[in-house]
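Chemist:
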Amino acid sequence: MSKLAYGFGFALGTITRQFLRAVKKTSAAPTAIHTKAAPLLPPPCVPERLVREMDHVPAITRKGVDLNLWYAANTRVVEKPARKPRKKPSARSLVPATC
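Numbering-wise, the UniProt record's numbering puts 84 at position 84 of the sequence shown, and it's gapless, one number per residue.
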């Protein structure tokens, strides 16, 4: 690459950067952004005591499900397949190479 081509590319890149910077820059003052007020939510229909109880006791227990029966019905023992024994690589004979 010649010095002239390098200088031309450098100048072209500089002009391009300055042009893009000028185009992206806005001279007008930004408009005020209107913030929306958060809507007020009504209080919960559930009493505080019940909310705390529901937080600490799982739903499956609240429904009256016997956890021991559920566990027996929904779990099973997974049997691992037997592993194949490793095969030892055959030993290579120590015969000298002939040229």
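Beta carbons: idealized from backbone N, C-alpha and C, even for Gly.
Measure the beta-carbon distance from Val51 to Pro58 and round it to whole angstroms, keeping in mind my assumption that it falls under 8 Å.
Modeler: Walking along the sequence shown from the start, residue 51 turns up at place 51. Walking along the sequence shown from the start, residue 58 turns up at place 58. Going by Cβ atoms, the distance from Val51 to Pro58 rounds to 15 Å, so no, they are not a contact pair.
Chemist: Ignoring anything shorter than 4 residues, give me the alpha helix (DSSP H) runs that lie fully in the stretch 6 to 78, in order along the chain.
Modeler: Here the runs fully enclosed are 48 to 56, 59 to 62 and 67 to 74.
Chemist: Excluding the 5 residues flanking Phe8 on each side, which residues of the same chain have their C-beta closer than 8 Å to its C-beta?
Modeler: Position 8 of the sequence shown, counted from the start, is the residue given in the question as residue 8. Cβ within range, chain order: n/a, list empty.
Chemist: Straight-line CA distance for Ala32 to Thr14?
Modeler: As a first step, residue 32 must be located in the sequence shown, where it is residue number 32. As a first step, residue 14 must be located in the sequence shown, where it is residue number 14. Rounded to whole angstroms, Ala32 to Thr14 spans 34 Å at the Cα level.
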